[in-house]
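One structure below.
2 protein chains.
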Amino acid sequence: MTEPGFPCFFSAETDGHDPRFFLKRGQVAQNEERPQRAHLLRQALHQAGLTTAEPPRTDRAAMAQVHSARYLDFLSRVWDEWQAFPDHGPEIVANLHPQKDRHRYPSGIVGQAGWHMADTACPIGPGSHHAALRSVDCAIAAAQALAEGAGAAYALCRPPGHHANADTAGGHCLLNNAAIAAQHLRGHFDRVAILDIDVHHGNGTQEIFYDRADVLTVSIHAAPDAFYPFYLGYADETGAGTGAGFNLNLPLPIGSGDQVWLGAIRQGLARIAAFAPDRLVLSLGLDAHERDPLRGLAVTTPAFTQAASMIRNAGLPTAIIQEGGYLSDDLALNMAAFLDGWLGR
Amino acid sequence: MTEPGFPCFFSAETDGHDPRFFLKRGQVAQNEERPQRAHLLRQALHQAGLTTAEPPRTDRAAMAQVHSARYLDFLSRVWDEWQAFPDHGPEIVANLHPQKDRHRYPSGIVGQAGWHMADTACPIGPGSHHAALRSVDCAIAAAQALAEGAGAAYALCRPPGHHANADTAGGHCLLNNAAIAAQHLRGHFDRVAILDIDVHHGNGTQEIFYDRADVLTVSIHAAPDAFYPFYLGYADETGAGTGAGFNLNLPLPIGSGDQVWLGAIRQGLARIAAFAPDRLVLSLGLDAHERDPLRGLAVTTPAFTQAASMIRNAGLPTAIIQEGGYLSDDLALNMAAFLDGWLGR
Numbered sequence: 486m487t488e489p490g491f492p493c494f495f496s497a498e499t500d501g502h503d504p505r506f507f508l509k510r511g512q513v514a515q516n517e518e519r520p521q522r523a524h525l526l527r528q529a530l531h532q533a534g535l536t537t538a539e540p541p542r543t544d545r546a547a548m549a550q551v552h553s554a555r556y557l558d559f560l561s562r563v564w565d566e567w568q569a570f571p572d573h574g575p576e577i578v579a580n581l582h583p584q585k586d587r588h589r590y591p592s593g594i595v596g597q598a599g600w601h602m603a604d605t606a607c608p609i610g611p612g613s614h615h616a617a618l619r620s621v622d623c624a625i626a627a628a629q630a631l632a633e634g635a636g637a638a639y640a641l642c643r644p645p646g647h648h649a650n651a652d653t654a655g656g657h658c659l660l661n662n663a664a665i666a667a668q669h670l671r672g673h674f675d676r677v678a679i680l681d682i683d684v685h686h687g688n689g690t691q692e693i694f695y696d697r698a699d700v701l702t703v704s705i706h707a708a709p710d711a712f713y714p715f716y717l718g719y720a721d722e723t724g725a726g727t728g729a730g731f732n733l734n735l736p737l738p739i740g741s742g743d744q745v746w747l748g749a750i751r752q753g754l755a756r757i758a759a760f761a762p763d764r765l766v767l768s769l770g771l772d773a774h775e776r777d778p779l780r781g782l783a784v785t786t787p788a789f790t791q792a793a794s795m796i797r798n799a800g801l802p803t804a805i806i807q808e809g810g811y812l813s814d815d816l817a818l819n820m821a822a823f824l825d826g827w828l829g830r
Numbered sequence: 486m487t488e489p490g491f492p493c494f495f496s497a498e499t500d501g502h503d504p505r506f507f508l509k510r511g512q513v514a515q516n517e518e519r520p521q522r523a524h525l526l527r528q529a530l531h532q533a534g535l536t537t538a539e540p541p542r543t544d545r546a547a548m549a550q551v552h553s554a555r556y557l558d559f560l561s562r563v564w565d566e567w568q569a570f571p572d573h574g575p576e577i578v579a580n581l582h583p584q585k586d587r588h589r590y591p592s593g594i595v596g597q598a599g600w601h602m603a604d605t606a607c608p609i610g611p612g613s614h615h616a617a618l619r620s621v622d623c624a625i626a627a628a629q630a631l632a633e634g635a636g637a638a639y640a641l642c643r644p645p646g647h648h649a650n651a652d653t654a655g656g657h658c659l660l661n662n663a664a665i666a667a668q669h670l671r672g673h674f675d676r677v678a679i680l681d682i683d684v685h686h687g688n689g690t691q692e693i694f695y696d697r698a699d700v701l702t703v704s705i706h707a708a709p710d711a712f713y714p715f716y717l718g719y720a721d722e723t724g725a726g727t728g729a730g731f732n733l734n735l736p737l738p739i740g741s742g743d744q745v746w747l748g749a750i751r752q753g754l755a756r757i758a759a760f761a762p763d764r765l766v767l768s769l770g771l772d773a774h775e776r777d778p779l780r781g782l783a784v785t786t787p788a789f790t791q792a793a794s795m796i797r798n799a800g801l802p803t804a805i806i807q808e809g810g811y812l813s814d815d816l817a818l819n820m821a822a823f824l825d826g827w828l829g830r
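For the record, the sequence lines run as chains Y and V. The working numbering puts the first residue of the first sequence at 486, with every later residue one more than the last. The working numbering puts the first residue of the second sequence at 486, with every later residue one more than the last.
Shown next as structure tokens:
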């Protein structure tokens, strides 16, 4: 049973996405965005007395508003086309990349993979496309719950989404769950804000809404000049055109602790309050933690309780969309800490 | 001793570039751009009665006119900075990539590697930068020989160059030897043409000269829509601005044989004759061969003799710059066949 005031969604079908390849500083390593992550997060939900529901196969219209038709088509057929190579590997990993402003979209699948996959950290296996769609369904179900009056809802999304832009996968992300949730909410409300507290800049989300004033995007993250995603996430990126002033980046020095992080969240919430959105989407990464393998920030477990409490106290109906936070003993503890704050325990 | 009429240049120091990593269709494979290639090519030179000279550490001014200062600086320091990571791999392989028209140049070396390395096929090891500079020296020495009156000269360049553009390595290439040779020749002559008969489109060379009318670029290659480099090399790319009409791509259907290939070379030479250059740079790839591991075209060994003879008969003083052609028993045979045609034997 889901708690009526806080429905939670997870699809066991997302376990079908089980990426292996990862390239780190020139060496092949183990990918850390594995099904076990979701199991640890569910454990924390269960311990907090919450259960998850399988999301319905919802109306995915918002997905086609967020992603390009070409990219969605690519995702739907890439695995079958890849199988046609006699010497194909077990996963699709792109090995070259275009400059889209001056290069051509090729007909072959290897070139297309490089077009739509910005890095080597988003391998696509046999179950990836279906899992990504079911992950989107979780996000839409959470957004829909808000549309129907819930004060909060949680989507345990795997794969995560905030690094995927309209046309491109990247950084463990295939479809941008949070952006799709926000777009779905826009079908019901005029103004939506996205607050992204994952340790990495939400570059995909920023790019999707960069020229729009109806969705405010705020991201709090480790300074990108020497941290993923490197090429976006700087403080002077504030939006363009109609969207000028509707993107706020709060990059923090590598290794920043609780005080700096919570201060930035406070600042982000102040910007959101000024925007006065009808609904909030929270991109919840738990990888700002001090022992997360990526070591971007040094936030302690109790700070997740404080962050949750501050965000909850903003008083906005909120769809919480799971982003990062990788395999470690602390993952379930940090989720539990966040839920303590959110549920006011 | 070099033959006075046909000086040949090779630096044994380029053996210090010995890349290992290669990613093909999702699997890590052996890189095929290895020192052994140069040894096979030299064998063919020796059998034709030619010897190679170590090039002088020549005036590299043309290199700074072809490549960006930022890229040259990156190449000079990336290895040392990479060593500073406690968990670094044995080679630099980029794992994510920007869209340069809208993304920021980061301060960290991982992000910079992705900026300057367009694919996973140009790993940088401890000896790579020095080897690339010595490879450039070979190309400049060949160009300088032409400036001093030679009718032809050959540069055994490793790493090859034609996929490197002003700001980016890619496809086994770090510095664009042929473009630098052409630029060096421009210091002595008004008009230079580059004919690229490697099986892959010379995308780096095209981009470097795309808006210039003083260097005509002609490339004959397997159609790129499903073949490396995928994103450039189409027939309608004819130059821009002042350079409009000064780039000619002749993409050929995958698997084309001698007749089609030689016909395209004839067509390319006709365009070059109309341009009436003072000097010619030949980007000589031997990978159009029917048994080359890449299987783009199906050219036979005798066709390299015919190609060489046709190009020689164009009557232009020519700097021959080695590009691709990968490890196989045919590599030395194809080089020998080319030399037979060039030397009129």
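Glycine residues also receive a C-beta, built at the ideal position from the N, C-alpha and C atoms.
- Within 9 Å of the CB of residue 605 (chain V), the CB atoms of chain Y belong to 508, 578, 579, 580, 581 and 605, in sequence order along the chain.
- Chain V places no beta carbon closer than 8 Å to that of residue 782 (chain Y), leaving this residue out of the contacts.
- Comparing alpha carbon positions, the residue from V:802, V:818 and V:804 closest to residue 789 (chain V) is V:818.
- When Cβ pairs closer than 8 Å are counted between the two stretches, the segment 650 to 670 of chain V is seen to touch the segment 555 to 572 of chain V, the count reaching three or more.
- Assignment of residue 716 (chain Y) by DSSP, reduced to helix, strand and coil, places it in the coil class.
- Residues of chain V whose Cβ lies closer than 7 Å to the Cβ of residue 592 (chain Y) are, in chain order, 710 and 711.
- For residue 628 (chain Y) and residue 599 (chain V), the gap between their C-alpha atoms comes out near 36 Å.
- The beta carbon of residue 492 (chain Y) lies closer than 8 Å to those of 538, 626, 627, 630, 635, 638 and 639 in the same chain, with the five residues before and after it left out.
- Residue 683 (chain Y) does not reach chain V, its nearest Cβ partner there being about 16 Å away, counting only Cβ pairs nearer than 8 Å.
- Taken atom to atom, the span from the alpha-carbon of residue 742 (chain Y) to that of residue 699 (chain Y) is near 32 Å.
- Straight across, the Cα-Cα distance linking residue 536 (chain V) with residue 739 (chain V) is about 35 Å.
- Boundaries of the alpha helix (DSSP H) harbouring residue 558 (chain V): 554 to 568, taken from the DSSP string.
- A Cβ-Cβ contact shorter than 8 Å links residue 607 (chain V) with residue 656 (chain V).
- Boundaries cannot be given for residue 780 (chain Y), as no alpha helix (DSSP H) includes it and DSSP labels it neither H nor E.
- Taking a Cβ-Cβ cut-off of 7 Å, the neighbours of residue 716 (chain Y) in chain V comprise 583, 588, 589, 591 and 596, given in sequence order.
- Residue burial annotation: residue 531 (chain V) is exposed, with fewer than 16 other C-beta atoms found within 10 angstroms of its C-beta.
- Residue 516 (chain Y) counts as buried, since at least 16 other C-beta atoms from the protein chains shown sit within 10 angstroms of its C-beta.
- In this structure, residue 697 (chain Y) sits near residue 728 (chain Y), with a CB-CB distance shorter than 8 Å.
- Listed in chain order, the beta strand (DSSP E) runs fully inside the segment 776 to 825 of chain Y are 803 to 807, counting runs of at least 3 residues.
- Distances from the alpha-carbon of residue 500 (chain V) to those of V:632, V:619, V:568 and V:784 put V:619 closest.
- Using beta-carbon distances, residue 719 (chain V) counts as an interface residue toward chain Y, with a partner under 8 Å.
- The alpha-carbon of residue 760 (chain Y) is positioned some 29 Å away from that of residue 787 (chain Y).
- Within 7 Å of the CB of residue 512 (chain Y), the CB atoms of chain V belong to 574, in sequence order along the chain.
- Within chain Y, the C-beta atoms nearer than 8 Å to that of residue 570 (chain V) come from 510, in chain order.
- Positions of the alpha helix (DSSP H) runs, each at least 4 residues long and wholly inside the segment 492 to 548 of chain V, are given as 520 to 532 in order along the chain.
- For residue 679 (chain Y), the enclosing beta strand (DSSP E) covers residues 677 to 681.
- With respect to the 8 Å criterion, residue 709 (chain V) and residue 715 (chain Y) are not classified as neighbours on the basis of their beta carbons.
- In the structure shown, residue 580 (chain Y) falls within a coil segment according to DSSP collapsed to helix, strand and coil.
- Among the CB atoms of chain Y, one or more fall inside 8 Å of the CB of residue 599 (chain V).
- The beta-bridge partner set that DSSP reports for residue 765 (chain Y) consists of Y:678 and Y:803.
- Between the C-alpha atoms of residue 754 (chain V) and residue 593 (chain Y) there is a straight-line separation of about 30 Å.
- The beta carbon of residue 751 (chain V) is closer than 7 Å to those of 795 in its chain, skipping five residues each way along the sequence.
- The C-beta of residue 830 (chain Y) has fewer than 16 other C-beta atoms within 10 Å across all chains shown, which makes the residue exposed.
- By the CB criterion at 8 Å, residue 737 (chain V) and residue 707 (chain V) fall inside the cutoff.
- Straight-line spacing of the CA atoms in residue 744 (chain V) and residue 773 (chain V) works out to 13 Å.
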